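So the structure is just underneath, and the comments pick up after that.
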Amino acid sequence: MKKLSVKTIVAIGIGAALFFVLGRFVAIPSPVPNTNISLQYGILAFIAAVFGPVAGVLAGLIGHFFIDFSYGWGVWWSWVIASAVFGLITGLITSKMNLDEGEFEPKHLLVFNGGQILGHIIAWVVVAPILDILMYAEPANKVFLQGVVSAIMNIVTTAIVGTILCIAYAKAIPKAGSLSEED
Amino acid sequence: MTNLFNYIERDSAIHNLTGATKLICLMLWSFAAMGTYDTRYLAVLALLSMGLFKIGHIRIKDVSFMLGFTAIFLVLNTILVYLFSPHHGTEIYGTCTYLFGLEGYFAPTAEQLFYHLNYWLKYLATIPIILLFVCTTNPSEFAASLNRVGVSYSVAYSVALALRYIPDVQHQYNEISKASQARGVELSKKETLIHRLKSASAILVPLILTSMNRIEVISNAMELRGFGKNKKRTWYMARPFRVWDYLCIVGCAVLLIITFVLNHINGGRFYNPFQ
Chain A
810 MKKLSVKTIV AIGIGAALFF VLGRFVAIPS PVPNTNISLQ YGILAFIAAV FGPVAGVLAG
870 LIGHFFIDFS YGWGVWWSWV IASAVFGLIT GLITSKMNLD EGEFEPKHLL VFNGGQILGH
930 IIAWVVVAPI LDILMYAEPA NKVFLQGVVS AIMNIVTTAI VGTILCIAYA KAIPKAGSLS
990 EED
Chain B
32 MTNLFNYIER DSAIHNLTGA TKLICLMLWS FAAMGTYDTR YLAVLALLSM GLFKIGHIRI
92 KDVSFMLGFT AIFLVLNTIL VYLFSPHHGT EIYGTCTYLF GLEGYFAPTA EQLFYHLNYW
152 LKYLATIPII LLFVCTTNPS EFAASLNRVG VSYSVAYSVA LALRYIPDVQ HQYNEISKAS
212 QARGVELSKK ETLIHRLKSA SAILVPLILT SMNRIEVISN AMELRGFGKN KKRTWYMARP
272 FRVWDYLCIV GCAVLLIITF VLNHINGGRF YNPFQ
């Protein structure tokens with residue numbers, strides 16, 4: 810296995826902590842009763858875009874695991890793994906972006922959102938329901954409906970929150986060659 | 032932080048096992064319970080896990096809040112499953128016995144009720160054991176034990192870092208959120224959904240920027256101390272294995288083997304009393 814850089818290790822830890830805090834304590838009511846908007850996926854997409862797929866997978870895995878763990882209702886492995894898959898796919902698709910050098914142009918906006926939409930669809934409409942069926946033998950139409958609903962909600966949330974984070978972060982970093990000599 | 036993860040410090044045989052043992056046993060037990068739908072075996076596992084609660088000196092009072100949560104969740108899920116697929120049991124067991132003289136799509140069948148019984152037993156067999164793990168394992172020892180069970184120490188260290196920084200991030204989030212709300216950022220139901228998301232981002236931007244700084248500071252500090260230079264590292268919270276640790280692991284491995292044997296005898300994951 811390729812060795813992880815120290816920075817990635819720290820990013821995984823802090824990313825998981827952010828994911829946990831937002832997923833566990835920050836409840837923003839959504840139009841559907843009893844469901845909250847999952848802001849944490851916006852952050853996870855951002856972490857995956859900046860630090861790469863490995864950070865995305867592990868931050869999602871650890872963060873989601875701790876959320877389930879702290880509620881004490883049992884670890885819902887199928888959904889924990891789906892979060893990790895989302896981090897992986899977003900990280901892979903955005904791996905060509907240089908967000909930490911302050912680059913975020915309209916082209917990158919498309920790549921980022923394409924990545925997160927694909928990631929959410931694969932995670933919630935393919936991975937989570939299939940694992941639910943395999944592990945818990947739940948009826949297919951129920952889990953697929955749950956998956957589609959969460960995919961749509963998460964895509965909207967990530968599109969807004971993730972994109973705003975990327976733009977703000979890219980702006981906060983001085984670009985190479987942004988200083989010019991005075992005449 | 033101990034509060035956050037419901038860890039309860041007590042002296043019991045289960046508390047004295049090492050974190051690694053408990054993690055391995057939790058995994059083996061979960062796989063054993065997940066791998067089967069044999070009603071008899073699930074009932075045995077459920078009873079066994081309640082017995083373990085006694086040994087771990089964890090009282091119902093300690094976990095009543097979490098149990099309540101779980102119960103609501105289970106009831107909701109049961110209703111959902113029934114609404115979406117009232118003939119799921121029939122499909123699984125291959126027969127269809129209507130009860131109470133009712134007929135029709137939503138009429139109760141013996142198979143469906145039996146499937147729901149199994150579904151509940153499955154949770155009764157897995158949830159107490161996870162609660163027990165949560166209550167008896169110190170979170171810091173958990174990170175150390177991950178390394179023991181073969182996870183590379185950089186990843187285990189990420190877990191430890193996450194545990195260390197959750198309270199800090201939470202604190203920071205509250206500060207930023209209060210400051211923003213004082214300036215008129217609205218997060219409640221009074222605003223439209225899109226507007227709420229935008230105001231949430233107004234809080235998240237400073238949070239992310241400070242977190243990125245934090246990542247920089249911590250990784251520099253770790254690099255200066257030569258983190259990742261050696262193949263192994265030691266853990267402050269790690270404890271040596273004792274006889275009981277080995278016995279527990281063997282015991283849980285046997286449970287998993289029983290699952291495989293039962294699946295073989297039943298010719299599948301389901302125990303079918305209808306044939």
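Quick mapping for you: the protein sequence lines, in order, are chains A and B.
Position 43 (the first sequence) corresponds to 852 in the numbering used here; numbering is contiguous.
Position 28 (the second sequence) corresponds to 59 in the numbering used here; numbering is contiguous.
Glycine included, each C-beta is placed from N, C-alpha and C at the ideal position.
Since we're looking at a predicted model, the values are computed, not measured.
Using a Cβ-Cβ cut-off of 7 Å, LEU192 of chain B counts as an interface residue toward chain A, since at least one Cβ of chain A sits closer than that to its own. At a cut-off of 7 Å between beta carbons, VAL935 of chain A makes no contact with chain B. Comparing alpha carbon positions, the residue from A:ALA893, A:GLY851, A:PRO948 closest to LEU238 of chain B is A:GLY851.
At least 7 Å separates the CB of HIS147 of chain B from every CB of chain A. Contact annotation: in the segment 100–134 of chain B, residues whose CB is within less than 7 Å of a CB in chain A are PHE100, THR101, PHE104, LEU111, VAL112, PHE115, SER116, HIS119.
At the C-beta level, ALA63 of chain B and LEU287 of chain B come within 7 Å of one another.
In the same chain as PHE305 of chain B, and ignoring 5 residues on each side of it, the C-beta atoms closer than 6 Å to its own belong to TYR124, THR126, in chain order.
By a beta-carbon distance limit of 8 Å, PHE855 of chain A contacts GLY971 of chain A. Their separation comes to about 5 Å. Note that the C-beta distance between SER189 of chain B and ALA51 of chain B is not below 7 Å. If you draw a 10 Å sphere on the C-beta of GLU206 of chain B, you find fewer than 16 other C-beta atoms in it, and that means exposed. Per the coordinates, the alpha-carbon of GLU134 of chain B lies some 30 Å from the alpha-carbon of ALA102 of chain B.
Listed along chain A, the residues sitting closer than 9 Å to VAL186 of chain B by beta-carbon distance are LEU813, ILE818, ILE821, LEU867, ILE871. For PHE258 of chain B, the chain A residues whose C-beta falls within less than 9 Å of its own C-beta are VAL815, ILE818, listed in chain order. For THR140 of chain B, DSSP records a beta bridge to B:TYR129. Close partners of ILE964 of chain A in chain B (Cβ separation under 7 Å) are lacking, with about 12 Å as the shortest Cβ gap. Listed along chain B, no residue sits closer than 7 Å to PHE913 of chain A by beta-carbon distance, the nearest being about 14 Å off. For TYR188 of chain B, the enclosing alpha helix (DSSP H) starts and ends at 184–213. Here ARG256 of chain B is exposed: its Cβ has fewer than 16 other Cβ atoms, across all protein chains shown, within 10 Å. Per DSSP, the beta-bridge partners of PHE301 of chain B are B:TYR68. Annotated as distal: TYR68 of chain B and ASN169 of chain B, with beta-carbon spacing of 7 Å or more.
For MET906 of chain A, there are no C-beta contacts with chain B under 9 Å, since the nearest C-beta of that chain is about 16 Å from it. DSSP places LEU111 of chain B in the helix class (H, G or I) of the three-state scheme. Shown here, ASN907 of chain A sits in coil according to DSSP, grouped into three states, outside any helix or strand. Annotated as proximal: LEU940 of chain A and SER887 of chain A, with beta-carbon spacing under 7 Å. Nearest neighbour of ALA141 of chain B by Cα position, chosen from B:TYR113, B:GLY99, B:VAL200, B:ASN251, turns out to be B:TYR113. A straight-line Cα-Cα distance of about 14 Å links VAL863 of chain A and GLY872 of chain A. Secondary structure of SER116 of chain B (DSSP, three-state): coil. Within its own chain, the residues whose Cβ lies closer than 7 Å to the Cβ of LEU908 of chain A, once the five positions on either side in sequence are excluded, are ALA858, VAL859, CYS975, TYR978, ALA979, listed in chain order.
With contact defined as three or more Cβ pairs closer than 8 Å, the segment 72–87 of chain B and the segment 183–197 of chain B are not in contact. In the three-state DSSP reduction, HIS147 of chain B falls in the helix class (H, G or I). DSSP, read as helix, strand or coil, puts PHE272 of chain B in coil.
By the CB criterion at 7 Å, SER208 of chain B and ILE973 of chain A fall outside the cutoff. Looking at the backbone, the Cα of HIS917 of chain A and that of THR899 of chain A are separated by about 13 Å. Taking the CA atoms as reference points, PHE913 of chain A sits about 56 Å from TRP275 of chain B.
Taking every protein chain shown into account, the CB of ARG179 of chain B has 16 or more other CB atoms within 10 angstroms, so this residue is buried.
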